[in-house]
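To keep things clear, I will list the structure first and then write my remarks on it.
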Amino acid sequence: MAIMLGADIGGTFTDFVAHDAATGRTEVWKVPSVPSDPVQAILDGLADYTGRTALGHLRIGTTVATNAVLERQGAVVAYVTTRGFRDVPFIQRGNRKHHYDMSWVKPKPLCQRRHCFELDERLDAKGRVIRPLDESEVRKVARAIAAMPEIEAVAVCLLFSYLNPDHERRVKAILEEVLPDHAVSVSFEVLPKWKEYERASTTLADAYLKPVVGRRLNAMRARLDDAGITAPAVLIRSNGGEMTLDAAAATPVQLLVSGPTGGVIAGRHVAELAGIDHLVTLDMGGTSTDVSTVLGRRETFTTAYEIEWGVPIQIPIIDIRTIGAGGGSIAWIDKGGMLRVGPQSAGARPGPAAYGQGGSEATVTDANVVLGRIDPANFLGGQMQLDAAAARAAVTRVGERVGLDPEAAALAILRIADNNMVGALRSVLIERGLDPRDFALLAFGGAGPLHAASLIREMGIARAVVPNHP
Numbered sequence: 069m070a071i072m073l074g075a076d077i078g079g080t081f082t083d084f085v086a087h088d089a090a091t092g093r094t095e096v097w098k099v100p101s102v103p104s105d106p107v108q109a110i111l112d113g114l115a116d117y118t119g120r121t122a123l124g125h126l127r128i129g130t131t132v133a134t135n136a137v138l139e140r141q142g143a144v145v146a147y148v149t150t151r152g153f154r155d156v157p158f159i160q161r162g163n164r165k166h167h168y169d170m171s172w173v174k175p176k177p178l179c180q181r182r183h184c185f186e187l188d189e190r191l192d193a194k195g196r197v198i199r200p201l202d203e204s205e206v207r208k209v210a211r212a213i214a215a216m217p218e219i220e221a222v223a224v225c226l227l228f229s230y231l232n233p234d235h236e237r238r239v240k241a242i243l244e245e246v247l248p249d250h251a252v253s254v255s256f257e258v259l260p261k262w263k264e265y266e267r268a269s270t271t272l273a274d275a276y277l278k279p280v281v282g283r284r285l286n287a288m289r290a291r292l293d294d295a296g297i298t299a300p301a302v303l304i305r306s307n308g309g310e311m312t313l314d315a316a317a318a319t320p321v322q323l324l325v326s327g328p329t330g331g332v333i334a335g336r337h338v339a340e341l342a343g344i345d346h347l348v349t350l351d352m353g354g355t356s357t358d359v360s361t362v363l364g365r366r367e368t369f370t371t372a373y374e375i376e377w378g379v380p381i382q383i384p385i386i387d388i389r390t391i392g393a394g395g396g397s398i399a400w401i402d403k404g405g406m407l408r409v410g411p412q413s414a415g416a417r418p419g420p421a422a423y424g425q426g427g428s429e430a431t432v433t434d435a436n437v438v439l440g441r442i443d444p445a446n447f448l449g450g451q452m453q454l455d456a457a458a459a460r461a462a463v464t465r466v467g468e469r470v471g472l473d474p475e476a477a478a479l480a481i482l483r484i485a486d487n488n489m490v491g492a493l494r495s496v497l498i499e500r501g502l503d504p505r506d507f508a509l510l511a512f513g514g515a516g517p518l519h520a521a522s523l524i525r526e527m528g529i530a531r532a533v534v535p536n537h538p
């Protein structure tokens, strides 16, 4: 039987697990990620793997869609909607992130107002046609979009189209005819459900991602083929399922929490093996920490996910909370002289000061090295030698600014990072009426087990579970 291989492309490292069902042998390894070229990390990880020619299945978890939205690196999108509703993406909801901050400004949507177009059509609340679609008007809008060379994708969200998709279906056909080089997302395919703003936001996100994700997935397919890796590749969906590369390119919004989802699925498996009913997962990597819950040995789902505040994605997604606290999170001093940790990260390159790759800012990893919690000679399974002196120098510089010696500064950095993670754990447990004493903490990711003991002590969680290969 062929070998099954899983790859998780993280912000700092890319992890691999290969399982040979015939022999029962499992191999685990990791390589540094290449943020500018995620596919390269997969090729680097498989370069010396002797079983690469026997691969039968390749499962990949990726944050390519998440990063494209958070870093605003997606496509320029045109938005087409029913007359009178072009401002839905801009009005958003009436809630505020900071209730008492008078200078707070709503986040910008994934399109610009000058790229929004209206069609004089209308359905009623039962999906019956009030005003028929004028196809000549659709062609006029398509020509206007064609005259804007910066636009790469079109999102179509007509009023009540989830009840009757005929108008949207025809609009899509005309746009694809007139604009053959543009990606088109229509709401009746992306999210055929009520709630106009959420449907518009989700459809916009899908269109925003299509060109960039499509290009990267096509490049992934070509480069894997060139490397002689012929095993069928699938991507982890945000709901825990799988998608082919073609399906992912067609509906990339389904990839938004692809990477973290794999950890929650593994958490459910661990709960079954260990006989644990309720589990809270803590995936602490180099850049961020993801937390979720497994209740009754089942993952928890949500349709109220926000990729960032004010950008709701209403598709079914495993409920994951993410914060900017990882091994590479940078310690810094704010304007008030207070020590902070994250959300900025040193990433894979240059990485923490201890990596010896030119990084000079103190990170959570450097603090763990200073306190002796990480063996510099056995990092990455002995593949990477850490520079303990560089780590100490970086932590010393931060400590001097707040009057702390290196050890005290390192401990303060870890306590702040722990406090940030406690906040995330509270949000999925206590704030939902769940008693932490009923749960076990599954700590994984490159840095998770280092913080497990302090987190369960602070939260009152019953016990911590650490996998053999976290």
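For the sequence shown, our numbering assigns the number 69 to the initial residue and increments by one for each residue that follows. Every residue gets a Cβ at the ideal spot worked out from N, C-alpha and C, and that includes glycine. Since this is a predicted model, take the numbers as computed values, not measurements.
Can you list, in chain order, the residues of its chain whose CB lies under 6 angstroms from that of residue i, leaving out five sequence neighbours each side?
i	result
Pro380	Glu266, Ser269 and Glu374
Ser253	Ala223, Thr271, Asp274 and Ala275
Thr74	Note on residue identity: the sequence assigns Gly, not Thr, to residue 74. Contacts found: Val85 and Arg127.
Ile304	Gly129, Ser326, Thr329 and Gly330
Val137	Ile375
Who are the near neighbours of residue i in its chain, counting only those whose CB is closer than 7 angstroms to its CB and skipping five residues on each side?
i	result
Leu292	Ala301
Glu205	Leu187 and Asp188
Val197	Leu191
Met527	Val490, Leu493 and Pro504
I'd like the list of long-range same chain contacts for residue i, defined as Cβ closer than 8 angstroms, with 5 residues on each side in sequence excluded.
i	result
Ala521	Ala532
Phe369	Asn307, Pro384, Ile385, Ile386 and Asp387
Ile77	Ser101, Pro106, Ala109, Ile110, Ile128, Gly129, Thr130, Thr131, Val132 and Gly327
Going by CA-CA distance only, name the one from the options that's closest to residue i.
i	options	result
Met597	Arg305, Ala316 and Gly308	Since the first residue of the chain shown is 69 and the last is 538, residue 597 is not available in this structure.
Thr390	Gly419, Ala422 and Gly354	Gly354
Cys225	Glu245, Ala146, Asp387 and Leu454	Ala146
Thr550	His235, Leu259 and Thr80	Here the chain covers residues 69 to 538 and nothing more, so residue 550 does not appear.
Gln141	Val463, Glu245 and Val280	Val280
Asp402	Val137, Val463 and Gly410	Gly410
Gly392	Leu323, Val490, Thr298 and Asp234	Val490
Ala89	Gly113, His125, Val359 and Val144	His125
Pro177	Arg93, Ala143 and Thr150	Ala143
Val294	Arg93, Ile498, Leu114 and Asp506	The question names Val, but residue 294 in the sequence shown is Asp. Among Arg93, Ile498, Leu114 and Asp506, the Cα nearest to that of Asp294 belongs to Leu114.
Asp358	Gly343, Asp506, Leu341 and Gly395	Gly395
Cα separation between residue i and residue j?
i	j	result
Ser428	His183	43 angstroms
Ala435	Leu482	7 angstroms
Leu363	Asp345	7 angstroms
Ala456	Gly513	22 angstroms
His235	Ala215	24 angstroms
Leu518	Pro538	11 angstroms
Arg199	Thr312	39 angstroms
Arg336	Gly471	45 angstroms
Thr298	Gly119	12 angstroms
Gly162	Val534	42 angstroms
Leu341	Gln425	40 angstroms
Lys261	Gln322	16 angstroms
Ala416	Pro103	8 angstroms
Given a cut-off of 7 angstroms on the beta-carbon distance, is the pair residue i and residue j in contact?
i	j	result
Val332	Glu367	yes
Lys278	Pro248	no
Leu272	Ala223	yes
Val348	Leu523	no
Val99	Ala109	yes
Met352	Ala515	yes
Lys174	Trp377	no
Ala50	Leu454	This structure leaves residue 50 out entirely; the chain is present only between 69 and 538.
Arg365	Ala339	yes
Ala511	Leu350	yes
Leu407	Ala461	no
Val466	Ala414	no
Gly282	Asn232	no
Ala122	Ile71	yes
Val156	Glu264	yes
Leu439	Thr134	no
Based on the DSSP output, what are the partners of residue i in its beta bridges?
i	result
Leu272	The partner list for Leu272 (beta bridge, DSSP) is empty, contrary to what the question assumes.
Cys225	Thr149
Thr310	Checking the sequence, you will find Glu at residue 310 rather than Thr. Ile304.
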